[in-house]
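S.K.: Residue 1 is where the sequence shown starts when you use full-length UniProt numbering, and the numbers rise one by one after that. By construction, the Cβ of each residue, glycine as well, lies at the ideal position given by its N, Cα and C atoms.
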Amino acid sequence: MASEKVQRFLETMVPLARADMQKSGILASLTLAQEIIESGWLTSELAINANNPHGMKTQLSGNNWPGSTWNGDVYEKETAEQRKDGTYYTVVAPFRKYRTLQEAVADHSAYLAGAKKEDGSLRYPGIVGEKDAAKAIHIVAQGGYATSLSYEEKLLAKVKQYNLTQYDNVESEGGTMKEVKIMLDAGHYGKYNRSPAVPAYYESDFTFKFTNMLKAALEGYGFKVGTTRTDQAKDLGLTDRGKAAAGYDLFISIHSNAVGSGVNNSVDYPVAITMVNDDKVSIDEESKAVGEILAQVVAAAMGTSQAARTYTKLSANDRDGNGIKDDEYYGVLHGAKLVRVPGIILEHSFHTNAKAAAWLLVDSNLQAMAAAEAAALASYYGMRKQESQEPEQPQQPQQQETATWYRVRTSWDNAASQIGAYRVKDNAIKNCPEGYTVYGDNGAVIYSNKKEDQAATKWYRVRKSWNDAASQLGAYKVYDNAVNNCPAGYAVFNDKGEVLYRMTAACEYVVKTGDTLGEIAKKYATSVDKIVKDNKAKYPDITPNFIRTGWKLVIK
């Protein structure tokens with residue numbers, strides 16, 4: 001018979017691990033084994049005082065993985081680390097503090113699923129959807145989750161001793177290990193938003209047709225897909241469409257964009273409008289992560305001349321009545337957030353652009369783009385292509401590219417500067433701004449768009465701030481080119497460092513150890529007082545002289 005300590009642990013953590021497994025695809029047996037080792041059956045200082053049974057530190061893989069549920073609270077304690085020679089040493093380290101154990105489990109799984117190495121590759125590749133406990137444990141150990149040289153052996157021993165794999169089987173309960181539900185929203189009804197450049201194109205026709213194409217493509221990967229519109233001619237309330245996503249994992253509203261009411265062939269970038277940062281941290285970050293992925297997929301599929309963008313838009317009103325102006329401007333995103341579902345508005349280029357509108361009228365183009373978006377979402381959620389019930393068709397031989405990915409960076413070593421990764425070389429070159437280079441696998445230079453700056457020539461530079469030269473995305477001789485390639489959080493500067501144009505959407509800065517508000521304000525060409533004002537609602541403790549490591553500051 002299990003001890004009282006073991007029984008209490010199993011009663012508390014098994015339901016959380018199993019529920020998380022169905023959403024994240026991380027085996028419950030792995031989650032439970034790590035909790036047993038890391039927390040001593042929930043008796044450790046971290047588990048008791050910080051609801052942290054996994055030993056999750058504040059800084060993990062650059063904190064750049066999506067879906068984190070950590071709100072920035074920190075708990076410091078001594079911890080033993082093991083060197084490669086087997087000897088131990090003690091350090092005082094900052095650990096994550098959670099509000100609930102459920103929050104901790106979700107953050108742990110999000111980390112395993114999305115953490116990346118410095119080169120941009122996944123730290124734990126293949127962990128999502130892995131159904132063999134031994135293989136999953138090996139992936140975690142190889143990824144360097146713990147410094148203990150016997151970590152893999154210890155985890156396997158706990159799995160076998162307590163038969164933890166019994167909690168991996170949820171088939172008998174009518175579920176599958178991973179079910180992901182997506183709600184698709186056709187952005188307009190009837191005959192709405194006619195293209196001034198191509199009169200045959202209506203945004204409403206495109207959104208309804210493409211929504212159904214994307215639905216079919218997603219279902220091919222096993223997604224459960226709902227739609228807000230079954231009747232293309234019927235209007236529906238904005239907020240109600242977002243709220244229709246209740247119980248789903250993601251909400252996507254399908255659109256094409258417009259610049260004014262006339263023809264404008266100079267603007268064609270796809271954009272994903274993602275959720276603003278507020279107290280619902282996890283869905284905001286998942287919205288941003290999915291939006292960044294899908295916007296780039298659209299750019300690659302349509303071959304746009306301008307790179308994909310993302311931005312958020314804050315409502316001027318307190319829409320949910322919580323006393324804080326932290327709500328969505330767009331009704332569909334407001335509705336989705338009310339039911340706590342991450343959502344995006346995905347603009348498929350501009351129908352005021354003749355080339356883009358004509359492209360969107362071709363069904364074969366839309367089918368290919370739907371397939372690409374579905375594949376990207378399947379990769380993000382760890383879904384696999386379902387077995388076809390139709391006779392298998394012979395595959396056509398495909399031309400092999402010389403590189404698996406073509407990455408656009410300022411230099412191969414500066415992975416943080418990467419603004420895109422493409423399967424098609426021409427798409428990478430097309431989206432490579434001045435000052436950047438396209439690299440193949442292993443850092444081979446494919447194309448360079450670097451130009452010498454000439455003091456006697458007038459340049460328009462795109463940077464985060466004038467003093468942050470390393471952030472420069474490009475230098476242009478034509479002002480409009482600089483503006484069109486200026487993403488959220490950046491500005492266009494003249495040769496004197498004066499701001500000529502700023503993309504006003506807010507950006508996010510994660511506070512690191514040693515940061516000061518003065519340094520952050522200088523980096524983003526803003527003031528300490530403005531940063532404090534813009535973040536006071538989210539972080540009441542913030543002052544000009546106090547910030548906390550892990551806080552996610554909004555910079556406007």
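Going by DSSP in three states, residue 183 sits in which element: helix, strand or coil?
M.R.: What you label residue 183 is simply residue 183 of the sequence shown in a count that begins at 1. Secondary structure at residue 183: strand, using DSSP grouped into helix, strand and coil.
S.K.: Which one of 308, 468, 348, 136 has the shortest CA to CA distance from residue 126?
M.R.: For this step, residue 126 is matched to residue 126 along the sequence shown. Relative to residue 126, the option among 308, 468, 348, 136 whose CA is nearest is 136.
S.K.: Buried or exposed for residue 385, going by 16 or more other Cβ atoms inside 10 Å?
M.R.: For the purposes of this step, residue 385 is taken as residue 385 along the sequence shown, with counting starting at 1. By the neighbour-count rule (16 or more Cβ atoms within 10 Å), residue 385 is not buried but exposed.
S.K.: Taking Cβ to Cβ, would you say residue 558 is nearer than 8 Å to residue 118?
M.R.: What the structure shows of the chain is the stretch from 1 to 556, and residue 558 is not part of that stretch, so it cannot be assessed.
S.K.: What first and last residue would you give for the alpha helix (DSSP H) that runs through residue 414?
M.R.: For the purposes of this step, residue 414 is taken as residue 414 along the sequence shown, with counting starting at 1. First-last for residue 414: undefined, no H or E at that position.
S.K.: What does the Cβ neighbour count give for residue 409, buried or exposed, with the cut at 16 atoms within 10 Å?
M.R.: By 1-based counting over the sequence shown, the position of residue 409 is 409. Result: buried.
S.K.: Mind checking whether the beta-carbon of residue 130 lies closer than 7 Å to any heavy atom of the ligand GTP?
M.R.: In the structure shown, the ligand GTP is absent, as is every other ligand, since no ligand is present at all.
S.K.: Buried or exposed: where does residue 241 fall if 16 or more other Cβ atoms within 10 Å of its Cβ makes it buried?
M.R.: Counted from its first residue, the sequence shown places residue 241 at position 241. When all chains shown are included, residue 241 counts as buried.
S.K.: Who are the near neighbours of residue 274 in its chain, counting only those whose CB is closer than 6 Å to its CB and skipping five residues on each side?
M.R.: Working through the sequence shown from its first residue, we reach residue 274 at position 274. Taken in chain order, the residues that qualify are 287, 288, 291, 310, 312, 344.
S.K.: Express the C-alpha separation of residue 270 and residue 346 in angstroms, rounding to a whole number.
M.R.: As a working note, residue 346 is residue 346 in the sequence shown. As a working note, residue 270 is residue 270 in the sequence shown. Each residue's Cα considered, the two are about 8 Å apart.
S.K.: When you compare only the Cα positions, how much space is there between residue 530 and residue 555?
M.R.: Your numbering for residue 530 matches position 530 in the sequence shown. Your numbering for residue 555 matches position 555 in the sequence shown. Residue 530 and residue 555: Cα-Cα distance of roughly 9 Å.
S.K.: Taking the DSSP output, what are the residues bridged to residue 122?
M.R.: Start at 1 with the first residue of the sequence shown, and residue 122 comes out as number 122. Per the DSSP secondary-structure output, residue 122 pairs in a beta bridge with 116.
S.K.: What is the DSSP secondary structure of residue 158, counted as helix, strand or coil?
M.R.: Counting from 1 along the sequence shown, the entry for residue 158 is found at position 158. Helix.
S.K.: Could you check how far apart the C-beta atoms of residue 46 and residue 75 are, in whole angstroms? I think they sit under 8 Å.
M.R.: Locating residue 46 in the sequence shown gives position 46, where the first residue counts as 1. Locating residue 75 in the sequence shown gives position 75, where the first residue counts as 1. Contact holds; Cβ gap of about 7 Å.
S.K.: Ignore the nearest five residues each way along the sequence and tell me which others in residue 359's own chain have a CB closer than 7 Å to its CB.
M.R.: Within the sequence shown, numbered from 1, the residue matching residue 359 stands at position 359. 302, 365, listed in sequence order.
S.K.: Identify whether residue 138 lies in helix, strand or coil by the three-state DSSP scheme.
M.R.: Here residue 138 corresponds to residue number 138 of the sequence shown, with the count starting at 1. Three-state result, residue 138: helix.
S.K.: In whole angstroms, what separates the C-alpha of residue 321 from that of residue 335?
M.R.: As a first step, residue 321 is located in the sequence shown; it is residue number 321 there, counting from the start. As a first step, residue 335 is located in the sequence shown; it is residue number 335 there, counting from the start. If you take the alpha carbons of residue 321 and residue 335, they lie about 14 Å apart.
S.K.: First and last residue of the beta strand (DSSP E) that includes residue 348?
M.R.: Reading the sequence shown from its first residue, position 348 is the one you call residue 348. Residue 348 -> beta strand (DSSP E) spans 343 to 350.
S.K.: Between residue 35 and residue 99, what straight-line distance do the alpha-carbon atoms span, to the nearest angstrom?
M.R.: The residue labelled residue 35 in the question sits at position 35 within the sequence shown. The residue labelled residue 99 in the question sits at position 99 within the sequence shown. Roughly 17 Å between the two C-alpha positions.
S.K.: Considering only C-alpha positions, which residue in the set 285, 8, 211 is nearest to residue 256?
M.R.: Within the sequence shown, the letter at position 256 stands for residue 256. Among 285, 8, 211, the Cα nearest to that of residue 256 is on 211.
S.K.: Taking 8 Å as the limit between beta carbons, can you name the residues of its chain near residue 61, skipping five residues before and five after?
M.R.: As a working mapping, residue 61 is identified with position 61 in the sequence shown. Taken in chain order, the residues that qualify are 111, 115, 116, 117, 123.
S.K.: Let me check understanding here. Comparing Cα to Cα, which of 541, 341, 546 lies closest to residue 519?
M.R.: Your numbering for residue 519 matches position 519 in the sequence shown. That would be 546, whose Cα lies nearest to the Cα of residue 519.
S.K.: Classify residue 499: buried if its beta carbon has 16 or more other beta carbons within 10 angstroms, exposed otherwise.
M.R.: Your numbering for residue 499 matches position 499 in the sequence shown. Exposed: under 16 other Cβ atoms inside 10 Å.
S.K.: Whole angstroms is fine: what's the gap from residue 161's alpha carbon to residue 168's?
M.R.: Residue 161 sits at position 161 when you count from the first residue of the sequence shown. Residue 168 sits at position 168 when you count from the first residue of the sequence shown. Distance between the alpha carbons of residue 161 and residue 168 is about 15 Å.
S.K.: Ends of the alpha helix (DSSP H) at residue 6?
M.R.: Taking the first residue of the sequence shown as position 1, residue 6 is located at position 6. Taken as a continuous stretch (DSSP letters only), the alpha helix (DSSP H) holding residue 6 covers 4 to 24.
S.K.: Applying the criterion that 16 or more other CB atoms from any shown protein chain within 10 Å of the CB defines a buried residue, is residue 512 buried or exposed?
M.R.: Here the question's residue 512 lines up with position 512 in the sequence shown. The residue in question, residue 512, is exposed, as its Cβ has fewer than 16 Cβ neighbours within 10 Å.
S.K.: Drop a sphere of 10 angstroms on the beta-carbon of residue 153, count the other beta-carbons inside from all chains shown, and report buried for 16 or more, exposed for fewer.
M.R.: In the sequence shown, residue 153 corresponds to position 153, counting from 1. With fewer than 16 other Cβ atoms within 10 Å, it is exposed.
S.K.: Give the range of the beta strand (DSSP E) segment to which residue 476 is assigned.
M.R.: Counting from one through the sequence shown, the residue named residue 476 turns up at place 476. Bounds of the beta strand (DSSP E) holding residue 476 are 474 to 476.
S.K.: Counting C-beta neighbours from all protein chains within 10 Å, is the total for residue 326 16 or more, i.e. buried, or is it exposed?
M.R.: As a working note, residue 326 is residue 326 in the sequence shown. Counting Cβ neighbours within 10 Å, residue 326 comes out buried, since at least 16 surround it.
S.K.: Is it buried or exposed for residue 277, if we count other Cβ within 10 angstroms and need 16 for buried?
M.R.: One-based indexing of the sequence shown puts residue 277 at position 277. The residue is buried, with at least 16 neighbouring Cβ atoms inside 10 Å.
S.K.: DSSP on residue 188, reduced to helix/strand/coil?
M.R.: For this step, residue 188 is matched to residue 188 along the sequence shown. Note: residue 188 maps to coil in three-state DSSP.
S.K.: Per DSSP, what kind of secondary structure is residue 208 in: helix, strand or coil?
M.R.: Walking along the sequence shown from the start, residue 208 turns up at place 208. Looking at residue 208 - three-state DSSP - the assignment turns out to be helix.
S.K.: Looking at the unbroken beta strand (DSSP E) that takes in residue 250, where does it start and where does it end?
M.R.: The sequence position of residue 250 within the sequence shown is 250, counting from 1. According to the DSSP assignment, residue 250 belongs to the beta strand (DSSP E) that extends over 250 to 257.
S.K.: Looking at residue 467 and residue 433, is the spacing between their C-beta atoms short of 8 Å?
M.R.: Your numbering for residue 433 matches position 433 in the sequence shown. Your numbering for residue 467 matches position 467 in the sequence shown. No, Cβ-Cβ distance for residue 433 and residue 467 is not below 8 Å.
S.K.: Quick check on DSSP: helix, strand or coil for residue 380?
M.R.: Position 380 of the sequence shown, counting from 1, holds the residue named residue 380. Looking at residue 380 - three-state DSSP - the assignment turns out to be helix.
S.K.: Starting from residue 227, follow the beta strand (DSSP E) in both directions and report where the run begins and ends.
M.R.: Counting from 1 along the sequence shown, the entry for residue 227 is found at position 227. Per DSSP, residue 227 belongs to the beta strand (DSSP E) from 224 to 227.
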